[in-house]
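Let me begin by presenting the structure, written as structure tokens, before commenting on it.
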């Protein structure tokens, strides 16, 4: 990416942040304490008051010396051999919730290139849903502010460029996982013929957070709960439902026009099968 493109992207993100703040102010709501900028770049479908409440749906993270924490440690240790492999590289890509990378992450599973030109409605839906999924996690995130595994063990993650933000962003639950699982559930509605591949990719998207050393396994498990809860709530939103039907038609049409690179998808499949 060129310096000009990077500057343009930063300007676009700042503009979206301003719009999001204006929308919340107009709704009479205080902006949530959100430390990951990915989850506030665009207004979502749902008002803050309509988001599922993680404080009701989730318990606290595992306590020190508990069996649950021992499970988290074992899951972390099991991923160490994947570091600096192709699966690690995939986790690096999955960690990027900025667009177009976030859409690219699901194009192979969808069997259609998800982008702003071929599937503009679906692309816009992903952006809007990202805010809903991410914001749904922040009640518990802010209450417990769980320390991330790479900080506890004084290690690196698969994304050195994100570590400064992650150090101050609660680990539990995983907002990335909520987004990845939520997207996968909606994609399976849009393209049921590819449901198994999409759901599998959504599961692996969450596991990428453990492989990346950015989250504990229990963070990922809880993130999936919040992603699914948010999708359930979206099913009652008329704007979302209208976009859902439009995206179904758009993807059906795109199947004959824009398929992902076979070589690119083969690399992804190999990385997922090698873990």
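Residue numbers (our numbering): 9 to 283. In this text, a Cβ means the ideal position worked out from N, Cα and C, and glycines have one as well.
- In the structure shown, residue 263 falls within a coil segment according to DSSP collapsed to helix, strand and coil.
- About 16 Å separates the beta carbon of residue 102 from that of residue 92, a gap too long to meet the 8 Å contact definition.
- Taking the C-beta atoms as reference points, residue 195 is found nearer than 8 Å to residue 118.
- Residue environment analysis places residue 74 among the exposed positions, since fewer than 16 neighbouring C-beta atoms fall within 10 angstroms of its C-beta.
- Taking all protein chains in view, the Cβ of residue 192 is crowded by 16 or more other Cβ atoms within 10 Å, so the residue is classified as buried.
- Residue 121 places its beta carbon 8 Å or farther from that of residue 258.
- Residue range 157-160 is occupied by the alpha helix (DSSP H) that includes residue 157.
- Contact between residue 226 and residue 70 holds, since their C-beta atoms are separated by about 6 Å, short of 8 Å.
- If you ignore the 5 residues before and after residue 116, its C-beta comes within less than 6 Å of the C-beta of 268, 273, 276, all in its own chain and listed in chain order.
- Between residue 94 and residue 279, the gap from beta carbon to beta carbon is short of 8 Å.
- For the pair residue 126 and residue 262, the CB atoms are nearer than the 8 Å cut-off.
- Distances from the alpha-carbon of residue 201 to those of 105, 80, 256, 85 put 256 closest.
- Residue 217: member of the alpha helix (DSSP H) spanning 203-219, first to last residue.
- Collapsing the DSSP output to three states places residue 53 in coil.
- Note on geometry: alpha-carbon atoms of residue 65 and residue 235 lie some 12 Å from one another.
- Contact check for residue 198 against residue 87 fails: the beta carbons are separated by 8 Å or more.
- DSSP, read as helix, strand or coil, puts residue 126 in coil.
- In the structure shown, residue 104 adopts coil according to DSSP, grouped into three states.
- In terms of Cβ geometry, residue 140 and residue 238 form a close pair [threshold 8 Å].
- Residue 99 and residue 182 have their C-alpha atoms roughly 14 Å apart.
- Out of 221, 222, 231, the CA that lies nearest to the CA of residue 211 is found in 231.
- Only residues of its own chain outside the window of five on either side were considered, and among them 60 have a CB closer than 8 Å to the CB of residue 240, listed in chain order.
- Annotation for residue 180: no alpha helix (DSSP H) segment contains it, and DSSP assigns it neither H nor E.
- Ranked by Cα distance from residue 179, the first of 51, 229, 190 is 229.
- The three-state reading of DSSP puts residue 229 in helix, counting H, G and I together.
- For residue 173, the enclosing alpha helix (DSSP H) begins and ends at 171-175.
- Judged by DSSP in its simplified three-state form, residue 113 adopts helix.
- Taking residue 207 as reference, the option from 188, 167, 270 with the minimal CA-CA separation is 188.
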